[in-house]
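As you go down the protein sequences, you meet chains A and B in turn.
Note that our numbering has the first sequence beginning at 15, numbered continuously upward.
Note that our numbering has the second sequence beginning at 15, numbered continuously upward.
Protein chains: 2
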Amino acid sequence: MAEPGIFEIIYSTRAMRRLKSDPIPEEVLKKIIDAGIRAPSGGNAQEWAFMLIQDPDLKRFIRDYYWNTWQQVRAQGSFSGELPPPQQRMMNAVADLAANMDEVPAILLACVRKEYAPIAAMKNQRGSNLAVYGTIFPAVQNILLACRALGVGATLTTIHSFFEEALKQKFGIPETMEVAALIPMGYPQGKFGPVSRRPVEEVIHWDRWGNQKS
Amino acid sequence: MAEPGIFEIIYSTRAMRRLKSDPIPEEVLKKIIDAGIRAPSGGNAQEWAFMLIQDPDLKRFIRDYYWNTWQQVRAQGSFSGELPPPQQRMMNAVADLAANMDEVPAILLACVRKEYAPIAAMKNQRGSNLAVYGTIFPAVQNILLACRALGVGATLTTIHSFFEEALKQKFGIPETMEVAALIPMGYPQGKFGPVSRRPVEEVIHWDRWGNQKS
Numbered sequence: 015m016a017e018p019g020i021f022e023i024i025y026s027t028r029a030m031r032r033l034k035s036d037p038i039p040e041e042v043l044k045k046i047i048d049a050g051i052r053a054p055s056g057g058n059a060q061e062w063a064f065m066l067i068q069d070p071d072l073k074r075f076i077r078d079y080y081w082n083t084w085q086q087v088r089a090q091g092s093f094s095g096e097l098p099p100p101q102q103r104m105m106n107a108v109a110d111l112a113a114n115m116d117e118v119p120a121i122l123l124a125c126v127r128k129e130y131a132p133i134a135a136m137k138n139q140r141g142s143n144l145a146v147y148g149t150i151f152p153a154v155q156n157i158l159l160a161c162r163a164l165g166v167g168a169t170l171t172t173i174h175s176f177f178e179e180a181l182k183q184k185f186g187i188p189e190t191m192e193v194a195a196l197i198p199m200g201y202p203q204g205k206f207g208p209v210s211r212r213p214v215e216e217v218i219h220w221d222r223w224g225n226q227k228s
Numbered sequence: 015m016a017e018p019g020i021f022e023i024i025y026s027t028r029a030m031r032r033l034k035s036d037p038i039p040e041e042v043l044k045k046i047i048d049a050g051i052r053a054p055s056g057g058n059a060q061e062w063a064f065m066l067i068q069d070p071d072l073k074r075f076i077r078d079y080y081w082n083t084w085q086q087v088r089a090q091g092s093f094s095g096e097l098p099p100p101q102q103r104m105m106n107a108v109a110d111l112a113a114n115m116d117e118v119p120a121i122l123l124a125c126v127r128k129e130y131a132p133i134a135a136m137k138n139q140r141g142s143n144l145a146v147y148g149t150i151f152p153a154v155q156n157i158l159l160a161c162r163a164l165g166v167g168a169t170l171t172t173i174h175s176f177f178e179e180a181l182k183q184k185f186g187i188p189e190t191m192e193v194a195a196l197i198p199m200g201y202p203q204g205k206f207g208p209v210s211r212r213p214v215e216e217v218i219h220w221d222r223w224g225n226q227k228s
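As structure tokens, then:
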């Protein structure tokens, strides 16, 4: 079978939060990460690491922190209150995923070295942030696309930042590394499909802010 | 013609720094950005903007700042000194791109809202950073892949962080937005091709840091 087309995949990669517990074969997981590391990285230094968690006890550990954090975020953040139906459906799916995080077959922690040394030496915090996050999130996107191409559902989450220290201690992640994304993975219960986005004309500015074409 | 396969594109998208000055048709530029906005974003809020700069004077403005900054980074950062030949070739290409930045047909500034409001309200700076950069860099990666698929060369750069205020003032970019990436684009002089990376086995940790399989 020919591999799926690049635009077909880009247009149909959406957050998949309702996942089956069926295991993902090791070769599939490796192919997904191998797509991730084709992404660019600051100075091509490839200062990233990808932790794949399949052990049931370890997944429960994550689930408990994630679920507690999610409840706090929902209560304290501006997510609360009445929501339009599409957002409410998304929030329900997020809550279900948080509650059942230990049922997914694999959880990926995408890690990156905290400081990009050549820029850190110049004491430009923003430059360092850009080099660090600009190293890991392109790899994360390649991973999400590779998951979609291989029929694996996944979603990019970041609220683990509220319990990152506990994660690092539990999994032995070095102090020099940052956990930038937590990505639950599994074969989806639902279907992949088109994402809804504002029209591209609204986000392109030609030569000057506000100069848009309809 | 069938569209190129997703893995073929992922495996052959490398930084393209030697670019022709031939213009990129507007429809191609729009298709590239339209691929970008299929990426996920914090809360699906799509708080991004993509500035495409084609005006010669404006490109020269960027070129002058970029070239001066590049010379400072090279002199002060840990990029200096003797380098192995592949890194030296890369540095030469980076220098050539910086010197000729006004010759590329289009420069993209990928912008994102600086604070992710639901997390910012919880005063977790790291969480906000992850939500902000985790919003824009997946879109940037989709853009790099779409460029590759359409035969356009591009490279992700971040040293504009040293002159971001000048950029924002010149182009009228609101204070609330951050310029996360500067991406020169053009049809390549060279060929796309495989990227060199460390083996995937070295970056996957199974269930615990340091638990690797060869």
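We treat Cβ as the ideally placed atom computed from N, Cα and C, and that holds for glycine.
query: When the Cβ atoms of the region 40-51 of chain B are set against those of the region 213-224 of chain A, are three or more pairs found closer than 8 Å?
result: Segments in contact, yes.
field: C-beta atoms of Q155(B) and A153(A) nearer than 9 Å
entry: Here residue 155(B) refers to the residue found at position 141 of the second sequence. Here residue 153(A) refers to the residue found at position 139 of the first sequence. The beta carbons of Q155(B) and A153(A) sit closer together than 9 Å.
- request: Taking only beta carbons into account, state which residues of the region 31-46 of chain B come closer than 7 Å to chain A, listed in chain order.
  value: Cβ contacts with chain A come from K44.
query: Which residues in the same chain as A107(A) place their Cβ atom closer than 7 Å to its Cβ, once the five residues preceding and following it in sequence are excluded?
result: Sequence index remark: in the first sequence, residue 107(A) carries index 93 (1-based). Excluding sequence neighbours, A107(A) sits near R31, R32.
- prompt: Along the region 168-187 of chain B, what residues have a CB closer than 8 Å to any CB found in chain A?
  reply: Taking 8 Å as the cut-off between beta carbons, the residues of the region 168-187 of chain B near chain A are T169, L170, T172, I173, S175, F176, E178, F185, G186, I187, in sequence order.
- request: Measure the CB-CB distance between I20(A) and E41(B) and report whether it falls below 9 Å.
  value: Numbered from its first residue, the first sequence carries residue 20(A) at position 6. Numbered from its first residue, the second sequence carries residue 41(B) at position 27. Taking 9 Å as the Cβ cut-off, I20(A) and E41(B) do not qualify as a contacting pair.
message: Taking CB distances under 9 Å as the criterion, tell me whether Y79(B) reaches chain E.
response: Absent from the structure: chain E. Protein chains present are A and B.
Whole-angstrom distance between S210(A) and K34(B), CA atom to CA atom: On the second sequence, residue 34(B) is found 20 positions in, with the first residue counted as 1. On the first sequence, residue 210(A) is found 196 positions in, with the first residue counted as 1. Annotation: K34(B) to S210(A) spans about 35 Å, alpha carbon to alpha carbon.
field: Three-state secondary structure assigned by DSSP to A243(A)
entry: Chain A is shown from 15 up to 228; residue 243(A) falls before or after that span and cannot be answered.
message: Less than 7 Å between C-beta atoms, sequence neighbours within five positions excluded: which residues of the same chain meet that for K128(A)?
response: By 1-based counting over the first sequence, the position of residue 128(A) is 114. Within the same chain, K128(A) has close Cβ partners V146, T190, M191, E192.
First and last residue of the uninterrupted alpha helix (DSSP H) at V87(B): Position 73 of the second sequence, counting from 1, holds the residue named residue 87(B). Where V87(B) is concerned, the enclosing alpha helix (DSSP H) starts and stops at 70-90.
- prompt: So, are the CB atoms of A194(B) and G148(A) less than 9 Å apart?
  reply: What you label residue 194(B) is simply residue 180 of the second sequence in a count that begins at 1. What you label residue 148(A) is simply residue 134 of the first sequence in a count that begins at 1. Against a cut-off of 9 Å, the Cβ pair of G148(A) and A194(B) comes out as a contact.
query: Candidates I24(B), F206(B), G200(B): which alpha carbon is nearest D116(B)'s?
result: Stepping through the second sequence from its first residue, residue 116(B) is reached at position 102. When each option's Cα is compared against that of D116(B), the closest is G200(B).
message: Spatial neighbours of A8(A) within its chain, please: C-beta separation below 6 Å, excluding the five flanking residues on both sides.
response: Since the first residue shown for chain A is 15 and the last is 228, residue 8(A) is missing from the structure and cannot be characterised.
- prompt: Is the beta carbon of A120(A) less than 9 Å from the beta carbon of P70(A)?
  reply: Indexing the first sequence from 1 puts residue 120(A) at position 106. Indexing the first sequence from 1 puts residue 70(A) at position 56. Taking 9 Å as the Cβ cut-off, A120(A) and P70(A) do not qualify as a contacting pair.
task: Output, in chain order, the set of chain B residues within a Cβ distance shorter than 7 Å of A107(A).
output: Position 93 of the first sequence, counted from the start, is the residue given in the question as residue 107(A). Within 7 Å Cβ-Cβ: nothing; A107(A) doesn't reach chain B, min ~12 Å.
message: Quick check on E178(A): buried or exposed, where buried means 16 or more other Cβ atoms within 10 Å of its Cβ?
response: What you label residue 178(A) is simply residue 164 of the first sequence in a count that begins at 1. Within a 10 Å sphere around the beta-carbon of E178(A) sit 16 or more other beta-carbons, which makes this residue buried.
- prompt: Cβ of P202(A) within 9 Å of Cβ of G167(A)?
  reply: Walking along the first sequence from the start, residue 202(A) turns up at place 188. Walking along the first sequence from the start, residue 167(A) turns up at place 153. Closer than 9 Å, so yes.
field: Residue(s) in a DSSP beta bridge with V196(B)
entry: Position 182 of the second sequence, counted from the start, is the residue given in the question as residue 196(B). The sequence given here has Leu at residue 196(B), not Val. Residue pairing for L196(B): DSSP places it in a beta bridge opposite L123(B), T171(B).
message: Please list, in chain order, the chain A residues whose beta carbon lies closer than 8 Å to that of P209(B).
response: As a working note, residue 209(B) is residue 195 in the second sequence. The displayed chain sequence assigns Val, not Pro, to residue 209(B). What V209(B) touches in chain A: R52.
query: Excluding five sequence neighbours on each side, which residues of the same chain lie with their C-beta closer than 7 Å to the C-beta of R162(A)?
result: Here residue 162(A) is taken as the residue at index 148 of the first sequence, counted from 1. I23, S26, T27, F206.
query: Is it true that the CB of F151(A) sits closer than 9 Å to the CB of I150(B)?
result: Residue 150(B) sits at position 136 when you count from the first residue of the second sequence. Residue 151(A) sits at position 137 when you count from the first residue of the first sequence. Yes. Within cutoff.
query: Going by DSSP, what residues sit across from P202(A) in a beta bridge?
result: Numbered from its first residue, the first sequence carries residue 202(A) at position 188. Answer is L33(A).
query: When the Cα of Y130(A) is compared with those of R140(A), D36(A), P188(A), which residue comes out closest?
result: In the first sequence, counting from the first residue as 1, residue 130(A) sits at position 116. Per the Cα distances, R140(A).
message: At the level of alpha carbons, what is the spacing between T172(A) and V126(B)?
response: Working through the first sequence from its first residue, we reach residue 172(A) at position 158. Working through the second sequence from its first residue, we reach residue 126(B) at position 112. Rounded to the nearest whole angstrom, the CA to CA distance from T172(A) to V126(B) is 17 Å.
query: Hey, how far is the Cα of H219(B) from the Cα of K182(A)?
result: Counting from 1 along the second sequence, the entry for residue 219(B) is found at position 205. Counting from 1 along the first sequence, the entry for residue 182(A) is found at position 168. Whole-angstrom Cα-Cα distance: 13 Å.
- prompt: Out of curiosity, what's the CA-to-CA distance linking I187(B) and I38(A)?
  reply: Here residue 187(B) refers to the residue found at position 173 when the second sequence is read from its first residue. Here residue 38(A) refers to the residue found at position 24 when the first sequence is read from its first residue. Straight across, the Cα-Cα distance linking I187(B) with I38(A) is about 44 Å.
message: Just to make sure I have the definition right: I need the residues of chain B whose C-beta is within less than 8 Å of the C-beta of Q60(A). Which are they?
response: Within the first sequence, the letter at position 46 stands for residue 60(A). Those within 8 Å of Q60(A) in chain B are R211, R212, V217.
query: Mind checking if T190(B) is an interface residue toward chain A, Cβ cutoff 9 Å exclusive?
result: Here residue 190(B) refers to the residue found at position 176 when the second sequence is read from its first residue. The beta carbon of T190(B) does not come within 9 Å of any beta carbon belonging to chain A, so the residue lies off that interface.
field: Inter-residue Cα distance where the pair is D110(A) and P54(B)
entry: As a working mapping, residue 110(A) is identified with position 96 in the first sequence. As a working mapping, residue 54(B) is identified with position 40 in the second sequence. If you take the alpha carbons of D110(A) and P54(B), they lie about 19 Å apart.
Top-ranked residue by Cα proximity to G165(A), from T83(A), A113(A), N114(A), G204(A): If you number the first sequence from 1, residue 165(A) lands on position 151. Distance from the Cα of G165(A) is smallest, within the candidate group T83(A), A113(A), N114(A), G204(A), for G204(A).
field: Pick from Q101(B), Y80(B), E96(B), G57(B) that is closest to A113(B), judged by C-alpha positions
entry: Taking the second sequence and counting its residues from 1, the one referred to as residue 113(B) is at position 99. With respect to the C-alpha of A113(B), the residue from Q101(B), Y80(B), E96(B), G57(B) having the closest C-alpha is Y80(B).
message: By DSSP's criteria, M104(A) is part of a beta bridge. Which residues make up the other side?
response: Position 90 of the first sequence, counted from the first residue, corresponds to residue 104(A). None; M104(A) has no bridge partner.
- prompt: Excluding the five sequence neighbours on either side, which residues of its own chain have a C-beta within less than 7 Å of the C-beta of R52(B), listed in chain order?
  reply: In the second sequence, counting from the first residue as 1, residue 52(B) sits at position 38. Taking C-beta separations shorter than 7 Å and ignoring five residues to either side along the sequence, the partners of R52(B) in its chain run N156, following chain order.
task: Find the residues of chain A that neighbour M199(B), judging by a C-beta separation of less than 8 Å, and give them in chain order.
output: In the second sequence, residue 199(B) corresponds to position 185, counting from 1. Chain A residues near M199(B): none, gap ~13 Å exceeds 8 Å.
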